[in-house]
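Residue numbers (the working numbering): 27 to 389.
Structural data, given as structure tokens:
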């Protein structure tokens, strides 16, 4: 791959991030379902379905990228995402919507880590793997900008309604599909065979189980961190359905979600100001913040509810950053890959349990 091609490859990956994550319906799916008459309990069950699918396919999707190639996996991710949006446009009831939510989770699994792997392999192919940090930082910036813009368009999504909003997502899915098809596949070394892939799958599952079993302290830290993160995430989700009921103007809905999202950025930044504070105190402060955030969702006052969402997002990232530091200081480099799988799995399991329960409570 020549220099010109690697530049095109990286720029196309940037473009894919900018276009692929711009989904005005996806950014406000809870509010749109609420407008269609779904109860918070039903929305909570749908969120549980999302994480059940995510748990089942998280590791196999990574293996698929090794076996079939990064580009093909990304193309498949876009196809599944497109199907999810099409089904949402056509859906008329709970189970067809659940089917669409499952496709959305599978699309996320297929793309997770695959785009980054293709970028790294592409750079390594031309001896520029040291520039991957630049790619990662730029891609994260583009993701945040795109995601924030989608959130700001939440009011537009409500104005258009569910079917028209998902039709807009379909258009962007098709554009992203074209960008994905223009990417070049890159193979470094021997291509992973199916037997090796299956062995890797079994090994990862076994290592993840052993990690949870024998690292009690880290396991407990991950469980607490995932619990705080799950409650905060669900508070933000369900506020999408509850805020319009307070009489909040549709034009202010997007900015309200954007303001609540800013809490996460400030929370991660504020962690550095409390570097001398013990981890236990950070957990207690964050746990208290999320608990208050949860209670504020019942006030039926839009300003207080937005403040609660902001506080919950702040508390979540406040403890998240310290948790990453706490765990990484106590494990070896060889365990980091397993840690990622275990952490994602733990969060998904807690989300499966809490989604339905919180939907029932907050409904």
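Glycine included, each C-beta is placed from N, C-alpha and C at the ideal position.
These numbers were taken from a predicted model, which means no experiment stands behind them.
Beta-carbon separation (whole angstroms), residue i vs residue j, contact threshold 8 Å
i           : j           : result
residue 61  : residue 184 : 7 Å
residue 48  : residue 175 : 7 Å
residue 56  : residue 69  : 6 Å
residue 260 : residue 335 : Not quite, the Cβ-Cβ distance comes to about 11 Å (not below 8 Å), so this is no contact.
residue 20  : residue 353 : Missing from the structure shown is residue 20; the chain here goes from 27 to 389 and no further.
residue 341 : residue 287 : Not confirmed; about 14 Å, so no contact.
residue 209 : residue 97  : 5 Å
residue 264 : residue 102 : Actually they are not in contact, since the Cβ atoms of residue 264 and residue 102 sit about 31 Å apart, beyond 8 Å.
residue 198 : residue 132 : Incorrect: roughly 18 Å between the Cβ atoms, too far for contact.
residue 312 : residue 345 : 4 Å
residue 143 : residue 42  : With 8 Å as the limit, residue 143 and residue 42 do not qualify as a contact, their Cβ atoms being about 14 Å apart.
residue 247 : residue 172 : With a Cβ gap of about 32 Å, residue 247 and residue 172 do not count as contacting.
Assigned exposure category for residue i - 16 Cβ within 10 Å defines buried
i           : result
residue 228 : exposed
residue 385 : buried
residue 295 : exposed
residue 32  : buried
residue 45  : buried
residue 251 : buried
residue 211 : exposed
residue 338 : buried
residue 373 : buried
residue 213 : exposed
residue 134 : buried
residue 322 : buried
residue 299 : exposed
residue 267 : buried
residue 30  : Reliability of the predicted coordinates at residue 30 is poor, the pLDDT of 41 falling under 50, and the value obtained from them is presented with this limitation in mind. Under this definition residue 30 is an exposed residue.
residue 277 : exposed
residue 73  : buried
residue 161 : buried
residue 240 : exposed
residue 118 : exposed
residue 351 : exposed
residue 145 : buried
residue 141 : buried
residue 163 : exposed
residue 122 : exposed
Collapsed DSSP secondary structure at residue i in the structure displayed
i           : result
residue 48  : coil
residue 326 : coil
residue 207 : helix
residue 307 : helix
residue 77  : helix
residue 154 : coil
residue 333 : helix
residue 356 : coil
residue 298 : helix
residue 391 : The chain is shown only over 27 to 389; residue 391 falls outside these bounds and no answer can be derived.
residue 27  : Caution is warranted here: a pLDDT of 41 is assigned to residue 27, below 50, making its placement in the model unreliable, and the coordinate value is therefore given only provisionally. Correct three-state label for residue 27: coil.
residue 117 : coil
residue 172 : helix
residue 64  : coil
residue 213 : coil
residue 251 : helix
residue 292 : helix
residue 130 : helix
residue 87  : helix
residue 274 : coil
residue 95  : coil
residue 312 : helix
residue 138 : coil
residue 287 : helix
residue 187 : coil
8 Å CB neighbourhood of residue i in its chain, flanking five on each side removed
i           : result
residue 196 : 108, 111, 112, 115
residue 328 : 269, 272, 273, 274, 282
residue 23  : No information on residue 23 is available, as it lies outside the stretch 27 to 389 that the chain covers here.
residue 147 : 96, 212, 213, 214
residue 51  : 58, 111, 114, 183, 188, 191, 192, 194, 195
residue 205 : 38, 41, 42, 45, 46
Nonlocal neighbours in the same chain, by C-beta distance under 7 Å from residue i, ignoring five residues either side
i           : result
residue 78  : 378
residue 301 : none
residue 37  : none
residue 157 : 149
residue 330 : 322
residue 139 : 88
residue 370 : 84
residue 309 : 250, 345
residue 35  : 148, 209, 210
Below-7 Å beta-carbon distance, residue i vs any chain C residue
i           : result
residue 225 : Reference to chain C is not applicable here, since this structure consists of a single protein chain.
Close Cβ partners of residue i (< 6 Å) along its chain, the five nearest in sequence each way excluded
i           : result
residue 188 : 58, 62
residue 28  : Low local confidence applies: a pLDDT of 45 at residue 28 is under 50, so the model's placement there is unreliable, and no value is given.
residue 256 : 376, 377, 380
residue 181 : 276, 277, 279, 280
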